[in-house]
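Novice:
There are 2 protein chains.
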Amino acid sequence: MSSLMLSRVAVCGGTHGNEMSGIYLVKELLKARKKVMEDEEEKPVSVMLVLSNPRAVQQCRRYIDTDLNRCFTHATLSGPMSDTTPYEIIRSRELNTMLGPKGSPGAVDLVCDLHNTTANMGLCLISYSDCDWICLQMPDVPLRYIHFDVSNKESYSLDSVGKHGFAMEIGPQPHGVVRSNVYTAMKAGVQHMLDWVSFFNSGTVFFCFATRFVDVFTMVKRFDYPRDSETHDITAAVHPQLQDRDFCLLHPEDPLFQTFSGETLRYKGKEPLYPFFINECAYYEKVQMIIVAYYNMAFKVHS
Amino acid sequence: MSSLMLSRVAVCGGTHGNEMSGIYLVKELLKARKKVMEDEEEKPVSVMLVLSNPRAVQQCRRYIDTDLNRCFTHATLSGPMSDTTPYEIIRSRELNTMLGPKGSPGAVDLVCDLHNTTANMGLCLISYSDCDWICLQMPDVPLRYIHFDVSNKESYSLDSVGKHGFAMEIGPQPHGVVRSNVYTAMKAGVQHMLDWVSFFNSGTVFFCFATRFVDVFTMVKRFDYPRDSETHDITAAVHPQLQDRDFCLLHPEDPLFQTFSGETLRYKGKEPLYPFFINECAYYEKVQMIIVAYYNMAFKVHS
Numbered sequence: 001m002s003s004l005m006l007s008r009v010a011v012c013g014g015t016h017g018n019e020m021s022g023i024y025l026v027k028e029l030l031k032a033r034k035k036v037m038e039d040e041e042e043k044p045v046s047v048m049l050v051l052s053n054p055r056a057v058q059q060c061r062r063y064i065d066t067d068l069n070r071c072f073t074h075a076t077l078s079g080p081m082s083d084t085t086p087y088e089i090i091r092s093r094e095l096n097t098m099l100g101p102k103g104s105p106g107a108v109d110l111v112c113d114l115h116n117t118t119a120n121m122g123l124c125l126i127s128y129s130d131c132d133w134i135c136l137q138m139p140d141v142p143l144r145y146i147h148f149d150v151s152n153k154e155s156y157s158l159d160s161v162g163k164h165g166f167a168m169e170i171g172p173q174p175h176g177v178v179r180s181n182v183y184t185a186m187k188a189g190v191q192h193m194l195d196w197v198s199f200f201n202s203g204t205v206f207f208c209f210a211t212r213f214v215d216v217f218t219m220v221k222r223f224d225y226p227r228d229s230e231t232h233d234i235t236a237a238v239h240p241q242l243q244d245r246d247f248c249l250l251h252p253e254d255p256l257f258q259t260f261s262g263e264t265l266r267y268k269g270k271e272p273l274y275p276f277f278i279n280e281c282a283y284y285e286k287v288q289m290i291i292v293a294y295y296n297m298a299f300k301v302h303s
Numbered sequence: 304m305s306s307l308m309l310s311r312v313a314v315c316g317g318t319h320g321n322e323m324s325g326i327y328l329v330k331e332l333l334k335a336r337k338k339v340m341e342d343e344e345e346k347p348v349s350v351m352l353v354l355s356n357p358r359a360v361q362q363c364r365r366y367i368d369t370d371l372n373r374c375f376t377h378a379t380l381s382g383p384m385s386d387t388t389p390y391e392i393i394r395s396r397e398l399n400t401m402l403g404p405k406g407s408p409g410a411v412d413l414v415c416d417l418h419n420t421t422a423n424m425g426l427c428l429i430s431y432s433d434c435d436w437i438c439l440q441m442p443d444v445p446l447r448y449i450h451f452d453v454s455n456k457e458s459y460s461l462d463s464v465g466k467h468g469f470a471m472e473i474g475p476q477p478h479g480v481v482r483s484n485v486y487t488a489m490k491a492g493v494q495h496m497l498d499w500v501s502f503f504n505s506g507t508v509f510f511c512f513a514t515r516f517v518d519v520f521t522m523v524k525r526f527d528y529p530r531d532s533e534t535h536d537i538t539a540a541v542h543p544q545l546q547d548r549d550f551c552l553l554h555p556e557d558p559l560f561q562t563f564s565g566e567t568l569r570y571k572g573k574e575p576l577y578p579f580f581i582n583e584c585a586y587y588e589k590v591q592m593i594i595v596a597y598y599n600m601a602f603k604v605h606s
């Protein structure tokens, strides 16, 4: 493994067309690249800059027909196509051709997909692997690492198309808005990742691994909002005592929701959990999830 | 004027279909009303509860074809109609029939239109009149009052359809999200307004007016984002030192924007201003405005 080079990296923004930091960052990097085009061929790492869902970006919506970041399962990528195939499914195949094909030797080495959330989550890396030494060793800036425990076949997000990949998720930022501090944090995060790739390729990274630890959160439970049984409208909001407290321990009987008539609903589980994606905008419609609660575990970096 | 009764009041939510506090509040009030329907006829004040733009609410978008809250000028309300008339123009006429007609004796006495903003504006009342004693006397909770200085003929928002009217604007709340604290503040604000209407109608309000003052902000200037001359994309975000500082004095040479390449752009005007609607999501597309800066004036309440 130590002979591996990360020679092809993709940085993607606008996979969700209303998550603005990544969109403006990719556009800015494209503009900067245009200026220094003549230097490009000398670089040992090829960085592809991708605006993933240009139609949704143009309309400043999460997606046009369906969530692009759920379209990268093997089943969806290889399913039948017709005149009525949703735009994002067509686009997922274009991206799979450009960055993959998923699971093939031709896929790019690393996909970094830029996202924002309305939740107060700071800077998080989200990946399907909790033993992918490339992703785990990357950060030496304060951040959290979130692990989605599904197989590569079932993995559904754009970053699963590369040989390695992760989503860089930063919040809080309202969708449709860019906050300068969030944009700047993302810019620094991407620069850090690219610097790390250069270090890695030069072979100078390995000596310090044995003592590095990373906090990893693995999903154990999802909560939905209380909903009206007829209309399916939510009937409560995240409780003010829980709002903005992502990654803070939620204990049994702690407030979870406040109904629109003012009643407090409490967490009835028996185990304490670390909630996150608290009040993420996109999860209102996903019916089955709103707060995703995880265990925290200190994780020794593999070397 | 003292013999006036405010016997017909309208509380409207969802004029913008992604401003969630007002939407859930109107739905909650409708639900509560259903439960106590039998008491309804005894009340001296008729409160109409209106979901202004149901299609946009259903899609959780600001609007379908065009901004409903710009459709209530006399010109738009009386313009020609055809098969291609935008949905919101059709809907504005329905609302004008229901709550107006604007400028007529048949119009409701007071329209309270509920809005949210991504800006850190707290609770604001926005109205076209700075000498409308009904609106100005209402608050005895901490809030700010914003005055749009245009004639009734040019006034374009839903609240202009009533004999009196104002928008209740609360933030910060991301569009598409409901924050419990913002919802609760709005619920208290509406209850306060309805209590005030009852007091007013009972004739017990007037004795305390002479000593009341209200801070009023009147528009003097609008700023647009710096934009790319070809694409019209914004090229800078609100500066981190200005972000969230609505109603805080902006001095000449204070930072205004930070470009996506990191440069600080400063306020070049000669007069200090009180900016607000700082980084309001909806103003990215409106090209000509983003930060609306106002003078503050202490305002003696008319009696």
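Which chain is which? The protein sequence lines are A and B, in order.
All letters in the first sequence, in the order written, are residues 1 to 303 by this note's numbering.
All letters in the second sequence, in the order written, are residues 304 to 606 by this note's numbering.
Note that beta-carbon positions come from the ideal geometry of N, C-alpha and C, so glycine has one too.
The structure presented is a predicted model; accordingly, all values stated were derived computationally and were not measured.
Just grab the DSSP bridge partners of CYS112 of chain A for me.
Specialist: Its beta-bridge partners are A:VAL11, A:PHE166.
Novice: Helix, strand or coil: how does DSSP classify LYS43 of chain A here?
Specialist: If DSSP states are grouped into helix, strand and coil, LYS43 of chain A belongs with coil.
Novice: Taking 8 Å as the CB-CB limit, is PRO529 of chain B close to chain A?
Specialist: No - not a single Cβ of chain A is within 8 Å of the one on PRO529 of chain B.
Novice: With DSSP collapsed to three states, give me the class of CYS124 of chain A.
Specialist: Strand at CYS124 of chain A.
Novice: Once DSSP output is grouped into helix, strand and coil, what is the label at THR534 of chain B?
Specialist: Correct three-state label for THR534 of chain B: coil.
Novice: Find the nearest neighbour of GLU28 of chain A within the set B:ASN484, B:THR538, B:PHE550, B:SER349, judged by alpha-carbon distance.
Specialist: The shortest Cα separation from GLU28 of chain A among B:ASN484, B:THR538, B:PHE550, B:SER349 belongs to B:THR538.
Novice: I want to verify the contact list: residues of chain A whose CB lies under 8 Å from the CB of HIS467 of chain B, in sequence order.
Specialist: Correct list: empty, because the minimum Cβ distance to chain A is about 27 Å.
Novice: Residues in its own chain within less than 8 Å of GLY572 of chain B by CB, not counting five upstream and five downstream?
Specialist: Cβ neighbours of GLY572 of chain B beyond the five flanking positions: LYS524, PRO555.
Novice: Please tell me whether, using a cut-off of 7 Å, the distance from the CB of GLU457 of chain B to the nearest non-hydrogen atom of the ligand GTP is below it.
Specialist: Of ligands this structure carries none, so the ligand GTP is not represented either.
Novice: Would you mind reading off the limits of the beta strand (DSSP E) that contains PRO578 of chain B?
Specialist: First-last of the beta strand (DSSP E) with PRO578 of chain B: 577-579.
Novice: Residues of the segment 543-566 of chain B in Cβ contact with chain A at a cutoff of 7 Å, in chain order, please.
Specialist: Going along the segment 543-566 of chain B in chain order, one finds PRO543, GLN546, GLN561, PHE563, SER564 with a Cβ nearer than 7 Å to chain A.
Novice: Where are the beta strand (DSSP E) runs, 3 residues long or more, that stay fully inside the segment 315-401 of chain B, in chain order?
Specialist: For the segment 315-401 of chain B, whole beta strand (DSSP E) runs of length 3 or above, ordered along the chain, are 349-354.
Novice: Output, in sequence order along the chain, the residues in the segment 165-198 of chain A whose CB is closer than 7 Å to any CB in chain B.
Specialist: Residues passing the 7 Å Cβ filter: PRO174, HIS175, GLY176, VAL177, VAL178, ARG179, SER180, ASN181, TYR183.
Novice: Let me confirm a value: VAL307 of chain B is counted as buried when at least 16 other C-beta atoms fall within 10 Å, else exposed. Which label applies?
Specialist: One point to set straight first is that residue 307 of chain B is Leu, not Val, in the sequence displayed. That one is exposed.
Novice: Mind listing the chain A neighbours of ASP370 of chain B? Cutoff is C-beta to C-beta under 7 Å, in chain order.
Specialist: None at all; the shortest Cβ gap to chain A is about 14 Å.
Novice: Helix, strand or coil: which one does DSSP assign to GLU585 of chain B?
Specialist: For the sequence presented, residue 585 of chain B should be read as Ala rather than Glu. Helix at ALA585 of chain B.
Novice: Indicate whether at least one CB of chain B lies closer than 8 Å to the CB of VAL26 of chain A.
Specialist: Not closer than 8 Å to any Cβ of chain B, the Cβ of VAL26 of chain A fails to qualify, so no.
Novice: Is there contact between the segment 416-434 of chain B and the segment 383-402 of chain B, where contact requires at least three CB pairs shorter than 8 Å?
Specialist: No contact exists between the segment 416-434 of chain B and the segment 383-402 of chain B.
Novice: Quick one: what's THR184 of chain A bridged to in DSSP?
Specialist: In DSSP, THR184 of chain A forms no bridge with anything.
Novice: Measure how close the beta-carbons of ARG560 of chain B and LEU568 of chain B come, nearest whole angstrom, since I'm counting them as under 8 Å.
Specialist: One point to set straight first is that residue 560 of chain B is Phe, not Arg, in the sequence displayed. That belief holds up - the Cβ atoms of PHE560 of chain B and LEU568 of chain B are roughly 4 Å apart, short of 8 Å.
Novice: What distance in whole Å lies between the Cβ atoms of ASP109 of chain A and GLY22 of chain A, which are believed to be in contact at a cut-off of 8 Å?
Specialist: With 8 Å as the limit, GLY22 of chain A and ASP109 of chain A do not qualify as a contact, their Cβ atoms being about 20 Å apart.
Novice: Just list the residues that DSSP pairs GLY171 of chain A with in beta bridges.
Specialist: Partner(s): A:GLY122.
Novice: By the three-class DSSP mapping on this structure, what secondary structure does HIS450 of chain B have?
Specialist: In this structure, HIS450 of chain B counts as strand in the three-state DSSP scheme.
Novice: Apart from the five residues just before and just after HIS319 of chain B, which ones in its own chain have a Cβ nearer than 6 Å to its Cβ?
Specialist: Only ARG365 meet the Cβ criterion.
Novice: Between the Cα of ARG447 of chain B and those of B:TYR577, B:ASN321, B:ALA585, B:GLU583, spot the shortest distance and give me the residue it belongs to.
Specialist: Ranking B:TYR577, B:ASN321, B:ALA585, B:GLU583 by Cα distance to ARG447 of chain B puts B:TYR577 first.
Novice: What residue from B:VAL312, B:ASP557, B:VAL519 has the CA that sits closest to MET401 of chain B's CA?
Specialist: Residue B:VAL312 is the option with its Cα nearest to MET401 of chain B.
Novice: So what does DSSP say about PHE502 of chain B, is it helix, strand or coil?
Specialist: In this structure, PHE502 of chain B counts as helix in the three-state DSSP scheme.
Novice: Let me make sure I understand the geometry here. Which of B:HIS535, B:PRO558, B:ASN504 has the alpha-carbon closest to that of SER349 of chain B?
Specialist: SER349 of chain B has its Cα closest to that of B:ASN504, out of B:HIS535, B:PRO558, B:ASN504.
Novice: For SER454 of chain B, tell me which candidate among B:GLY425, B:PRO477, B:LEU333, B:SER430 has the shortest Cα-Cα distance.
Specialist: The shortest Cα separation from SER454 of chain B among B:GLY425, B:PRO477, B:LEU333, B:SER430 belongs to B:SER430.
Novice: Beta carbon of PRO80 of chain A, beta carbon of ASP65 of chain A: below 8 Å?
Specialist: Cβ atoms of PRO80 of chain A and ASP65 of chain A: not closer than 8 Å.
Novice: Going by beta carbon distance, what residues of the same chain come within less than 7 Å of ALA410 of chain B, once the five residues before and after it are set aside?
Specialist: Closer than 7 Å at Cβ, skipping near neighbours: LEU402, GLY403, PRO404, VAL464, GLY465, LYS466.
Novice: The beta strand (DSSP E) spanning LEU559 of chain B covers which residue range?
Specialist: Note, LEU559 of chain B: beta strand (DSSP E), 558-562.
Novice: If contacts are defined as beta-carbon pairs under 8 Å, then ASN279 of chain A and ALA119 of chain A qualify, I think. What distance do you get, rounded to the angstrom?
Specialist: The Cβ separation is near 6 Å, so the contact holds.
Novice: Quick check: is the beta carbon of ASN423 of chain B nearer than 8 Å to any beta carbon in chain A?
Specialist: No, because no Cβ of chain A sits closer than 8 Å to the Cβ of ASN423 of chain B.
Novice: Between which two residues does the beta strand (DSSP E) carrying ARG569 of chain B extend?
Specialist: Counting along the chain, the beta strand (DSSP E) containing ARG569 of chain B begins and ends at 567-569.
Novice: With distance defined between alpha-carbon atoms, name the residue in B:GLY425, B:GLY506, B:PRO543 nearest to MET607 of chain B.
Specialist: The question about residue 607 of chain B has no answer, for chain B in this structure spans 304 to 606.
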